[in-house]
Amino acid sequence: MKNQVGGFSVVLFSGVVIFFIFILFFNDSRGVIYGGRRSFSRSNYNDDDSPTTVNHLAFGLQGSEKTYHFRRYYVESWWKPDKFRGYVYLDKPPQGNLLPWSKISPPYRVNDNISKLISELKPINPLMARMVHGISELFREEHQELRWLIMGDDDTVFFVDNLVEVLSKYDHTKYYYIGNPSEFVLSNFWFSFNQAFGGGGIVLSYPLAKALVDDMDRCLRKYSNLSADTMTMACIADLGVDLTVHKGLHQMDLRGDVSGFLSAHPKAPVLAFHHIDTVNPYFPKMTRANALKHLMKAGDVDQSRLFQQTICHDQKRNWSFSTAWGYSVNIYERIMPRSWLTIPIETFIGWHPDQKQQPRYMFNTRNPLGDPCETPHVFFFESIKKTSNGQILTRYSRSAPRNLTACPIGGNRSAEYISKIEVLSPATKRYEIDRSECCDVVRIDNTGNVKIKIRECRIGEVIA
Ligand SMILES: *[C@@H]1O[C@H](CO)[C@@H](O)[C@H](O)[C@H]1NC(C)=O
Ligand SMILES: *[C@@H]1O[C@H](CO)[C@@H](O)[C@H](O)[C@H]1NC(C)=O
Ligand SMILES: *[C@@H]1O[C@H](CO)[C@@H](O)[C@H](O)[C@H]1NC(C)=O
Ligand SMILES: *[C@@H]1O[C@H](CO)[C@@H](O)[C@H](O)[C@H]1NC(C)=O
Ligand SMILES: *[C@@H]1O[C@H](CO)[C@@H](O)[C@H](O)[C@H]1NC(C)=O
C-alpha cells in the first residue's frame with residue numbers, strides 16, 4: 001500500500017495496516033464465531049489486588065484471510081490454546097486450507113462491517129478506521145476480568161510469560177498506553193515519535209481501553225484520516241494519556257539478517273517481534289515457522305533470560321564472549337568492554353533500503369567491515385535441557401567458518417576451531433534486570449568446546 005507522507009511515497013509499514021488492505025467484505029453485527037471456548041476459570045476481577053496472570057490479558061491479532069494461510073504458523077508458535085484469551089481478526093470468513101479452523105490457533109472473528117460510518121466520514125484511507133475499531137471489537141467480547149488489552153498483527157510473536165511479569169509491575173487500575181517507537185528513525189518521523197507501533201504491540205490497561213472504546217465514535221470522526229497507530233495515539237492523547245515506552249516490544253522495521261540486533265538486545269525483557277516475513281528466519285537453514293518453534297524451546301524454559309546479553313572474557317587467550325541467551329553466542333579474538341559489545345552489529349538494513357541518509361536507526365550500530373578484531377565468530381542456539389540440580393544448560397553451535405585471519409591485536413589466537421559452546425544459567429528466573437548478569441569462561445578445550453557459566457555480577461564488578 002502506498003501512502004504520501006512528507007513528499008516521500010512510502011510503503012506504509014505500520015504492520016497492522018497492511019493486512020487490512022484485504023478488507024472488502026464485512027459481516028453485520030458481531031462477526032462469525034469459531035473455535036473452542038477457553039476452559040480456564042475466571043475467578044479474579046480486574047479491580048482486585050490478586051497477582052496478574054495470563055487470564056487477565058486479552059489479545060487481538062489483526063490478520064486477513066489471505067495472509068493467515070501462512071502466518072498461522074507464526075501465531076501457533078507462541079499461542080497456547082485454552083490458556084490465552086483472544087482472537088485473530090479476519091476481513092472475511094476463512095476458506096480453503098483454513099478450514100476446519102486450526103485448534104492450535106486462536107479462535108477467529110470477522111471484523112465488524114463499519115461501511116456505513118466510512119461512507120459518512122469519507123476518509124482518505126478507509127482501512128485505518130476499521131483497524132482502530134478492532135479495539136472496540138475485542139473489548140466488547142473480553143472486558144470481563146480484563147486488566148490488559150493487547151493488540152498485535154498476525155505476524156506478531158508475543159512472549160507471554162514476560163508480558164505477564166512485566167505488566168504485573170504496573171497498576172492495571174491506572175491509565176497505561178504501553179508500546180515502543182520504531183527502530184527505524186524515519187518511521188517515527190513520518191508517523192510519530194510518541195506512538196506505539198502496532199505490529200510491535202499496543203498494550204492498554206483496562207481503564208484506558210474502556211475510555212477509548214467509550215470515545216471511539218468521536219475518535220474515528222475526528223482522526224480517521226490518520227494512519228491507524230497514529231489515530232490510536234491521538235485518541236489516547238485526548239484522554240490525557242501518553243506513551244509509556246517498553247523496549248522489549250519490537251516493531252522490527254528492519255530487513256534481512258537481524259542477528260546483529262538480536263545479539264545485543266536492549267536490557268529489557270523481550271515482549272514481541274513483528275515483521276517475521278521481512279527479516280530472515282531467526283536461525284540459519286530453517287524456515288521462518290520452524291525457527292520460531294526452535295526459539296520457543298528456550299522461551300518455554302526461561303523467557304526472562306531470552307536474548308539477554310551476558311559478556312565475559314578469557315584473559316589467557318584475549319577472547320571476549322557475548323551470549324544472547326537462547327539465541328546466539330559471539331566470540332571476539334580480543335578483549336572488548338561491555339560498553340562496545342552492547343552496540344548492535346549492523347547485519348541488517350533499514351525498512352527503506354534506499355534511504356542512505358543518517359541517522360537510520362534509533363540506536364548506534366557497529367560495522368566490522370571484515371576487520372578480524374571486530375568480527376565475531378557466530379554460534380546459534382541448538383538445544384536446551386535442565387541439569388540434575390535444576391540449572392539450565394543451553395548449547396550453541398557454529399553457524400559458518402568466519403573466513404578471516406586471526407586478530408593481531410589480541411595475539412593472533414584464532415577461535416576458528418571452536419565449534420560448540422555450552423552455557424549454564426541459574427534455575428531461578430530473573431525479572432529484576434537492574435543490571436546485566438556476569439559470566440565466567442569455565443573451560444575451553446582443544447576439541448573446540450567451550451563452557452560458560454552465567455552468574456550474578458559481584459559488587460562493583462567491571463565487565464571490560
Ligand atoms: C456492509 O454493510 C453495507 C450496508 O451498511 C452493505 O451494503 C454491505 O453489503 C455489507 N458488507 C458485507 C460484506 O456484509
Ligand atoms: C479526510 O480527508 C478527506 C479528503 O481530504 C476529506 O474529504 C474528509 O472530510 C476528511 N475526513 C475527516 C474525518 O477529516
Ligand atoms: C565462509 O566461507 C564459506 C564457504 O564459501 C561460506 O559458506 C560461509 O558462509 C563463509 N562464512 C561467513 C561468516 O561468511
Ligand atoms: C592481549 O592483548 C594485549 C593488547 O590488547 C596484549 O598486550 C597482550 O600481550 C595480549 N595477551 C596475550 C596473552 O596475547
Ligand atoms: C600476528 O600476525 C601478524 C601477521 O602474521 C604479525 O605481523 C604479528 O607480529 C603477529 N602478532 C603477534 C602478537 O604474534
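Using full-length UniProt numbering, the first residue of the sequence shown is number 1, and each one after it goes up by one. Just so you know, even glycine gets a beta-carbon here, dropped at the ideal spot from N, CA and C.
Residues bridged to residue i (per DSSP)
i	result
Ile150	Phe59 and Val203
Trp319	Asp314
Ala272	Phe158 and Leu249
residue 466	It is not possible to answer for residue 466, since the shown part of the chain is limited to 1 through 464.
Phe184	Tyr361
Ile421	Tyr396 and Val450
His377	Ile331
Ala324	Gln309 and Ser328
Phe348	Gly256
residue 467	Within the shown structure, residues of the chain are numbered from 1 to 464, placing residue 467 beyond reach of any answer.
Thr244	Ile178
Leu90	Val110
Val279	Gly256
Lys385	Leu393
Ile444	Val450
Arg366	Ile345
Arg85	Ala58
Spatially closest choice to residue i from the options, by CA coordinates
i	options	result
Asn364	Tyr176, Ser399 and Phe184	Phe184
Tyr89	Gly96, His294, Arg71 and Ser77	Arg71
Asp440	Ile311, Gln391 and Asp277	Ile311
Gly179	Glu165, Met151 and Ser168	Met151
Arg366	Ala264, Glu333 and Asp82	Ala264
Thr347	Val258, Ala268 and Gly198	Val258
Lys316	Asp242, Lys247, Trp340 and Ala415	Ala415
Tyr282	Ala406, His56, Val157 and Asn125	Val157
Leu369	Ser388, Lys429 and Arg402	Arg402
Ile345	Glu65, Asp253, Leu262 and Tyr175	Leu262
Asp445	Asp314, Pro100 and Lys386	Asp314
Leu146	Lys420, Ala209, Glu165 and Leu295	Ala209
Val301	Phe189, Ser115, Gln251 and Phe159	Phe159
Val203	Tyr68, Asn55, Val245 and Pro266	Val245
Lys420	Gly448, Ile104, Phe273 and Leu271	Gly448
Thr405	Glu333, Pro107, Ser192 and Ala272	Glu333
Phe189	Ala400, Gly134, Gln358 and Ser115	Gln358
Ile335	Arg255, Gly260 and Gly411	Gly411
Met362	Leu186, Lys169, Gly390 and Phe380	Leu186
Arg398	Glu382, Tyr206 and Ile392	Glu382
Cys219	Val110, Leu393 and Leu121	Leu121
His352	Gln144, Leu127 and Thr278	Thr278
residue 519	Ala400, Asn389, Tyr327 and Ser115	Since the first and last residues shown for the chain are 1 and 464, residue 519 lies out of range.
Tyr108	His69, Met128 and Leu239	His69
residue 467	Trp148, Lys116 and Phe191	No answer is possible for residue 467: the residues shown for the chain start at 1 and end at 464.
Ile384	Arg458, Gln303, Cys407 and Lys285	Gln303
Pro269	Ala129, Asn318, Val329 and Lys169	Lys169
Asp229	Thr387, Ser192 and Tyr206	Ser192
Lys103	Arg255, Pro284 and Pro81	Pro81
Nearest-angstrom Cβ-Cβ length linking residue i and residue j, presumed shorter than 8 Å
i	j	result
Tyr74	Ala289	6 Å
Ile331	His377	4 Å
Ser224	Met231	7 Å
Trp325	Arg305	4 Å
Asp154	Gly63	3 Å
Ser322	Gln309	6 Å
Gly248	Asn162	7 Å
Ser182	Asp253	4 Å
residue 520	Thr52	Nothing can be reported for residue 520: it is not among the residues displayed for the chain, which extend from 1 to 464.
Tyr166	Leu271	Note on identity: in this sequence residue 166 is Val, with Tyr being the wrong assignment. That pair is a contact at about 6 Å.
Arg395	Glu437	18 Å between Cβ atoms; not a contact.
Lys267	Ile433	6 Å
Val462	Ile452	Incorrect: roughly 18 Å between the Cβ atoms, too far for contact.
Asn111	Asp91	6 Å
Practice task
Please write down, chain order preserved, every residue whose beta carbon lies under 7 Å from a heavy atom of ligand 2.
Solution key: Put simply, the residues with a CB less than 7 Å from any heavy atom of ligand 2 are Leu121, Lys122, Pro123, Ile124, Arg221, Lys222, Ser224 and Asn225, in chain order.
Handout entry: Given 8 Å, three or more beta-carbon pairs between the stretch 132-143 and the stretch 206-220
Key = yes
Handout entry: Test item, CB below 5 Å from any non-hydrogen atom of ligand 5
Key = Pro408, Gly411 and Asn412
Exercise for the section: Take every Cβ of the stretch 190-206, pair it with every Cβ of the stretch 375-389, and state whether three or more of those distances are shorter than 8 Å. Expected result: no
Problem - Any heavy atom of ligand 3 nearer than 5 Å to the CB - residues listed - result: Ala400, Pro401 and Asn403
Exercise for the section: Report yes or no: do three or more beta-carbon pairs, one from the stretch 79-88 and one from the stretch 48-63, lie closer than 8 Å? Expected result: yes
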